[in-house]
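Some notes on the structure that comes next.
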Amino acid sequence: MNSEIIIFKNDAVGDLTHSLKAINNIVLNNEDKNIIIYLSERSENFSFLINKKNITFKIINYNLTLIQKIKVFYFILTNN
Numbered sequence: 001m002n003s004e005i006i007i008f009k010n011d012a013v014g015d016l017t018h019s020l021k022a023i024n025n026i027v028l029n030n031e032d033k034n035i036i037i038y039l040s041e042r043s044e045n046f047s048f049l050i051n052k053k054n055i056t057f058k059i060i061n062y063n064l065t066l067i068q069k070i071k072v073f074y075f076i077l078t079n080n
């Protein structure tokens with residue numbers, strides 16, 4: 001896998017269900033890429049709805065703290 005796609009879904013479960021079709025289209029059209037999905041702790045139990053082998057989930061708080069924002073920003077800066 002040469003590149004990565006990052007998807008931020010740091011919202012509630014209802015918002016996640018409305019985005020499933022779009023997320024699944026991204027996953028199906030990019031099976032050769034590693035996909036990282038940031039989910040809120042409210043949605044983590046529903047990760048099975050989009051669970052494929054090229055997906056990695058990272059769980060973050062619904063209301064990000066300053067430290068979490070810095071960690072996400074650092075992750076973006078240090079990865080392609």
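Counting from 1, one number per residue, gives the positions in the sequence shown under our numbering.
Ideal Cβ placement from N, Cα and C applies to all residues, glycine included.
Within 8 Å, strictly: CB atoms of residue i and residue j
i	j	result
valine 27	isoleucine 55	yes
lysine 58	isoleucine 36	yes
isoleucine 50	isoleucine 23	yes
Of the residues the options, the one placed nearest residue i, counting alpha carbons only
i	options	result
serine 40	Ala12, Lys69, Thr78, Ile70	Ala12
aspartate 32	Phe57, Lys52, Lys69	Lys52
asparagine 63	Lys9, Glu4, Ile76	Lys9
arginine 42	Ile36, Phe75, Leu16, Asn79	Leu16
phenylalanine 75	Tyr38, Asn25, Phe46	Tyr38
Boundaries of the alpha helix (DSSP H) in which residue i is found, first to last residue
i	result
threonine 78	66-78
Proximal residues to residue i (C-beta, below 8 Å), its chain only, five neighbours per side dropped
i	result
glutamine 68	Ile60, Asn61
serine 19	Lys9
Residue interval of the beta strand (DSSP E) (run including residue i)
i	result
asparagine 34	34-40
lysine 21	Premise fails: lysine 21 lies in the alpha helix (DSSP H), 13-29, not in any beta strand (DSSP E).
phenylalanine 46	That residue, phenylalanine 46, is in no beta strand (DSSP E); it is neither H nor E in DSSP.
isoleucine 60	55-60
lysine 9	4-9
Cβ of residue i within 8 Å of any chain B Cβ
i	result
asparagine 10	The structure shown contains no chain B, having only a single protein chain.
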